[in-house]
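Heads up, the sequence shown is in full-length UniProt numbering, so the first residue is 1 and it goes up one at a time.
A short worksheet on the structure shown next.
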Amino acid sequence: MEGERGGEGASRDAVGLGQRSAAAALRCALPGGGAGNGSGNGPNGPNGSNGRGCGERRRRRGREGAGEGCGSPRCHLTCRNFMRRSNIMVDVGKWPIFTLLSPQEIASIRKACVFGTSANEAIYVTHNDEVFVFGLNCSNCLGTGDNQSTIVPKKLEALCGKKISSLSYGSGPHVLLCTEDGEVYAWGHNGYSQLGNGATNQGITPVQVCTNLLIKRVVEVACGSHHSMALSADGDLYAWGYNNCGQVGSGSTANQPTPRRVSNCLQGKMVVSIACGQTSSMAIVNNGEVYGWGYNGNGQLGLGNNGNQLTPCRVAALHGVCILQIVCGYAHTLALSDEGLLYAWGANTYGQLGTGNKSNQLSPLQIMMEKERVVEIAACHSAHISAARTQSGQVYMWGQCRGQSVVLPHLTHFSCTDDVFACFATPAVMWRLLSVEQEDYLTVAESLRREFDSPETSDLKFRVDGKYIHVHKAVLKIRCEHFRTMFQSYWNEDMKEVIEIDQFSYPVYRAFLEYLYTDCVDLPPEDAIGLLDLATSYCENRLKKLCQHIIKRGITVENAFSLLSAAVRYDAEDLEEFCFKFCVNHLTDVTQTTAFWQMDGPLLKEFIAKASKCGAFRN
1 MEGERGGEGA SRDAVGLGQR SAAAALRCAL PGGGAGNGSG NGPNGPNGSN
51 GRGCGERRRR RGREGAGEGC GSPRCHLTCR NFMRRSNIMV DVGKWPIFTL
101 LSPQEIASIR KACVFGTSAN EAIYVTHNDE VFVFGLNCSN CLGTGDNQST
151 IVPKKLEALC GKKISSLSYG SGPHVLLCTE DGEVYAWGHN GYSQLGNGAT
201 NQGITPVQVC TNLLIKRVVE VACGSHHSMA LSADGDLYAW GYNNCGQVGS
251 GSTANQPTPR RVSNCLQGKM VVSIACGQTS SMAIVNNGEV YGWGYNGNGQ
301 LGLGNNGNQL TPCRVAALHG VCILQIVCGY AHTLALSDEG LLYAWGANTY
351 GQLGTGNKSN QLSPLQIMME KERVVEIAAC HSAHISAART QSGQVYMWGQ
401 CRGQSVVLPH LTHFSCTDDV FACFATPAVM WRLLSVEQED YLTVAESLRR
451 EFDSPETSDL KFRVDGKYIH VHKAVLKIRC EHFRTMFQSY WNEDMKEVIE
501 IDQFSYPVYR AFLEYLYTDC VDLPPEDAIG LLDLATSYCE NRLKKLCQHI
551 IKRGITVENA FSLLSAAVRY DAEDLEEFCF KFCVNHLTDV TQTTAFWQMD
601 GPLLKEFIAK ASKCGAFRN
């Protein structure tokens with residue numbers, strides 16, 4: 001197995017958060033939506049005149065009309081800030097823990113993150129900028145001030161209104177976040193001073209991390225198993241916590257109780273992105289170079305060897321490649337270049353490198369070469385799974401996918417990398433802080449739903465039981481063959497502005513018309529019988545099936561015979577068989593109901609004969 005010997009708590013089930021997406025930088029880097037280009041290493045720079053450096057690519061793309069590159073620190077910081085606000089909208093309901101919330105609570109969520117060794121903790125931010133947590137509360141990681149688990153969301157008053165911009169978590173777990181104002185807060189497990197407060201007692205509530213960070217505006221945070229990192233807007237990187245393998249980058253293996261600036265090879269360089277493995281750390285500087293330090297037993301630092309590094313060391317194998325995004329799995333690393341090229345290295349026990357085998361890689365290896373341009377990569381230090389999204393929106397996954405080893409990138413039906421973690425990661429945590437803000441536009445389905453029974457836009461009214469229902473002829477003709485036939489020029493109804501309906505009740509007919517706009521039915525079983533009658537009359541077979549489903553779901557001893565009678569009357573064979581079996585299984589109770597004795601003679605005789613053949617009247 002590939003486990004990192006990172007000390008207590010760095011278990012294979014440990015939970016962590018992968019780092020921020022850089023997909024948007026590919027678009028931000030160039031006006032006109034072109035591919036991102038190089039920075040920094042021109043022909044006269046350290047790469048030499050013969051190297052295929054970032055500067056060379058920038059000049060080449062300039063000749064192709066691609067636009068300016070991201071060579072300056074200012075441009076890189078702009079790209080990073082843009083990326084932080086460009087997460088794809090996803091459905092948090094795909095994560096099981098969110099089934100604990102009501103639809104109203106789900107609708108209130110603006111940002112969210114699921115974490116924990118079993119994905120049993122969650123934090124979310126509402127549209128009102130209130131912060132709530134719920135779940136198991138291991139090591140006080142919910143920050144509620146006690147060690148009690150809760151399935152009811154609790155508000156974190158200390159964080160309400162703080163405008164959280166970046167969030168990460170460790171394996172304890174501990175939680176680390178920063179706000180749009182650049183403040184850093186931490187709480188949870190603190191056995192190795194990963195909260196940065198100089199102590200080792202657990203943090204039961206969110207507390208601001210002050211040492212060396214008060215004068216800094218932090219824009220990104222990252223957590224390993226038991227260490228933490230914070231990146232400031234001016235490119236300074238700070239690290240603290242567990243340091244048994246050098247993951248803090250201090251030059252020793254002594255734990256670091258408070259934030260300390262990571263310097264050495266990073267001195268004078270501007271860091272623009274960070275990521276953490278279990279006990280390793282990675283950083284990208286503004287010229288696209290990548291640095292790694294900490295545990296390297298599986299080659300996850302990409303240095304060509306498996307020796308630990310106590311200070312940052314440049315990944316020389318990526319010489320001449322401009323990296324825009326980097327993410328870390330449990331013991332492997334993925335990097336995405338400005339040309340949309342994907343590199344992987346480190347542990348490969350589960351095929352998480354996507355190389356087609358399970359051999360570890362000590363140096364970066366390009367993968368997905370036959371695929372189109374990659375715009376986003378995803379990994380999480382609690383898992384051995386990898387994901388990528390291409391420029392056309394195709395999402396691939398590989399590695400440990402629900403216990404299976406997928407050794408090559410597999411094309412999924414997902415629209416975002418986050419869904420890969422919701423459905424296939426173990427545990428099903430989130431690899432980043434998700435934005436679930438609603439889009440400014442409505443889909444076609446949402447627009448139709450909104451316009452049902454709208455007097456402002458309708459061109460036709462049905463009057464049922466003295467009540468009006470406003471509809472649109474075009475929608476009815478598109479959705480229903482009955483109306484397509486009705487609204488012919490030689491039919492009287494085609495000329496009417498109001499059509500009277502007397503065969504069906506108002507609830508039934510309204511439900512039918514609403515179904516044409518929404519594909520959904522919301523009726524009690526008794527009314528669903530009437531809708532079943534309508535569906536039969538109008539030859540709406542799918543609607544018949546929906547009605548039968550509603551009736552099955554609402555069957556009781558009291559209404560079983562009435563429903564059976566309706567099923568026979570409307571030739572719903574599947575529903576008839578279901579109701580018959582229910583009546584036989586509850587025969588004693590059913591025969592004592594009013595509906596049973598009000599059954600018409602032929603149907604009653606048929607039921608008794610059929611039930612007798614089934615042995616229902618045997619002692």
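Here a beta-carbon is modelled for each residue, glycine too, at the ideal position from N, C-alpha and C.
Taking C-alpha positions only, residue 537 is separated from residue 569 by approximately 12 Å. Below 8 Å, enough C-beta pairs join the region 517-533 and the region 499-509 to call them touching: three or more. Sequence-distant partners of residue 130 (beyond 5 residues in either direction) whose C-beta falls short of 7 Å from its own C-beta, in its chain, are 155 and 160.
For residue 228, the three-state secondary structure derived from DSSP is strand. In the three-state scheme derived from DSSP, where H, G and I count as helix and E and B as strand, residue 282 is classed as strand. Annotation: the region 447-492 contains the following complete segments of the alpha helix (DSSP H) (minimum length 4 residues), in chain order: 473-479 and 481-486. Unbroken alpha helix (DSSP H) stretches of 4 residues or longer found wholly inside the region 523-602: 525-537, 541-553, 560-569, 573-585, 587-590 and 594-597, given in chain order. For residue 107, no beta strand (DSSP E) encloses it; the enclosing alpha helix (DSSP H) starts and ends at 103-107.
Residue 314 carries a strand assignment under DSSP once its states are collapsed to helix, strand and coil. In this structure, the straight-line span from the alpha carbon of residue 407 to that of residue 549 is close to 42 Å. Each of 353, 322, 330 and 345 was checked against the Cα of residue 338, and the nearest Cα belongs to 322. Residue pairing from DSSP leaves residue 127 without any beta-bridge partner.
For residue 378, the uninterrupted beta strand (DSSP E) run begins and ends at 374-379, by DSSP.
Contact between residue 332 and residue 352 holds: their C-beta atoms lie close to 5 Å from each other, under 8 Å. Rounded to the nearest whole angstrom, the CA to CA distance from residue 302 to residue 362 is 5 Å.
By the CB criterion at 8 Å, residue 265 and residue 313 fall inside the cutoff. The beta strand (DSSP E) runs lying completely inside the UniProt repeat "RCC1" (235-287) and spanning 3 residues or more are 237-241, 256-261, 271-276 and 280-285, given in chain order. Burial of residue 418 is indicated by the presence of at least 16 other C-beta atoms within 10 angstroms of its C-beta.
Comparing C-alpha distances from residue 541 to each of 571, 524, 400 and 578 shows the shortest one belongs to 571.
Residue 510: member of the alpha helix (DSSP H) spanning 506-518, first to last residue. Membership of residue 205 in the beta strand (DSSP E) is indicated by the continuous run 203-208. Residue 442 counts as exposed, since fewer than 16 other C-beta atoms from the protein chains shown sit within 10 angstroms of its C-beta. In the same chain as residue 486, and ignoring 5 residues on each side of it, the C-beta atoms closer than 6 Å to its own belong to 493, in chain order. Annotation for residue 186: no alpha helix (DSSP H) segment contains it, though the beta strand (DSSP E) segment containing it runs 184-188. Between residue 325 and residue 151, the alpha-carbon positions lie close to 36 Å from each other.
In this structure, the beta-carbon distance from residue 416 to residue 395 falls below 8 Å. In the DSSP assignment, residue 332 forms a beta bridge with 346. Residue 294 is positioned such that its CB atom lies closer than 8 Å to that of residue 247.
DSSP places residue 388 inside the beta strand (DSSP E), whose first and last residues are 385-390.
Residues 114, 119, 120, 122 and 135 of the same chain have their beta carbon placed closer than 7 Å to that of residue 97, with the five preceding and five following residues left out of the count. Ranked by how close their Cα comes to the Cα of residue 403, the residues 390, 428 and 412 have 428 in first place. Under the 8 Å Cβ criterion, the region 189-202 does not count as touching the region 262-282, having fewer than three qualifying pairs. Here residue 215 carries a coil assignment [DSSP, helix/strand/coil].
The three-state reading of DSSP puts residue 610 in helix, counting H, G and I together.
Rounded to the nearest whole angstrom, the CA to CA distance from residue 257 to residue 192 is 7 Å. In the three-state reduction of the DSSP assignment, residue 173 falls in the coil class, being assigned neither a helical nor a strand state.
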